[in-house]
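Read the structure below first, then the notes.
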Amino acid sequence: MGGLLAFCALFCLAFAALIVWSGSEFGTAFWIFLGSLVFFGLPSFRFLGVAIKRPVAFRIDKNGISGYYADPATWREIADINVVTDGKGRASVGFALIDPVGFRDKQTPWRRFTYWSNGRGLGHHVIISHLLLGRGQAMKLADQARAFKAAAAQ
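The numbers in numbering that gives the first Met the number 0 rise by one with no breaks, and the one at position 83 of the sequence shown is 82.
Right, here's the structure in full:
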């Protein structure tokens with residue numbers, strides 16, 4: 000994603016430089032392409048930074064869940080673990096929390112928005128998207144999470 004956005008940003012930059020080099024005035028075309036450069040260029044830095052850093056996307060262990068796409072939550076904070084299927088049949092893993100307000104208070108505003116928009120209609124507070132999972136991996140991941148939760152409850 001970062002590479003594609005960077006390519007689009009470089010194309011816009013080259014076109015804006017061509018407009019300036021040709022000696023034409025800073026007209027509408029220049030400002031449209033400069034705006035496009037900002038629109039494509041800024042997100043490309045974020046995506047390329049994530050690709051270079053390569054954070055752990057999602058981690059399940061004996062302590063709970065954590066990772067780049069999931070804020071840390073212990074098994075005592077998680078009430079339920081389910082496989083959530085969207086309208087196209089793509090499976091994601093959903094975690095319902097015992098105290099979602101307390102969990103939300105520990106998050107950044109952007110993370111609050113993404114959690115709210117992803118799982119609000121399903122009753123889950125943390126959704127691990129099908130985009131991060133391979134085909135058929137959601138059920139396996141949910142089973143592993145339930146096993147860790149059961150082991151932590153003993």
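We put the CB at the ideal spot given by N, CA and C, even for glycine.
Neighbour-count burial assignment, residue i, 16 or more Cβ in a 10 Å radius
i: G93; result: buried
i: S91; result: buried
i: V125; result: buried
i: W74; result: buried
i: V100; result: exposed
i: G63; result: buried
i: I77; result: buried
The beta strand (DSSP E) enclosing residue i, as first and last residue numbers
i: D70; result: Looking at the DSSP string, D70 is not in any beta strand (DSSP E), and its letter there is neither H nor E.
i: G93; result: A90 to L96
i: D60; result: R58 to D60
i: D79; result: I77 to T84
i: S65; result: G63 to S65
Test item: CB-CB of residue i and residue j under 7 Å
i: S43; j: A5; result: yes
i: L131; j: A56; result: yes
i: I59; j: A144; result: yes
i: F154; j: I18; result: Nothing in the structure corresponds to residue 154, since the chain is present only between 0 and 153.
i: F32; j: C7; result: no
8 Å contact criterion, which residue i and residue j should meet: CB distance rounded
i: D167; j: A95; result: As displayed, the chain neither begins before 0 nor continues past 153, which places residue 167 out of reach and without an answer.
i: F147; j: K87; result: Not a contact, Cβ separation roughly 29 Å.
Cutoff 8 Å; reference residue i; Cβ partners in own chain excluding five residues on either side
i: V82; result: A90, S91, V92, G93, A137, M138 and A141
i: A152; result: W74
i: A72; result: G63, I64, S65, F94, L96, F102 and V125
i: R110; result: D70
i: K105; result: D70
Bounding residues of the alpha helix (DSSP H) (the contiguous stretch that carries residue i)
i: G101; result: P99 to R103
i: L131; result: Per DSSP, L131 belongs to no alpha helix (DSSP H) and is neither H nor E.
i: K148; result: Q136 to A152
Chain-order list of residues whose beta-carbon lies under 6 Å from that of residue i (same chain, five-residue window excluded)
i: V84; result: A quick correction: the sequence has Thr, not Val, at residue 84. Result list for T84: A90, in chain order.
Close Cβ partners of residue i (< 7 Å) along its chain, the five nearest in sequence each way excluded
i: F14; result: F32
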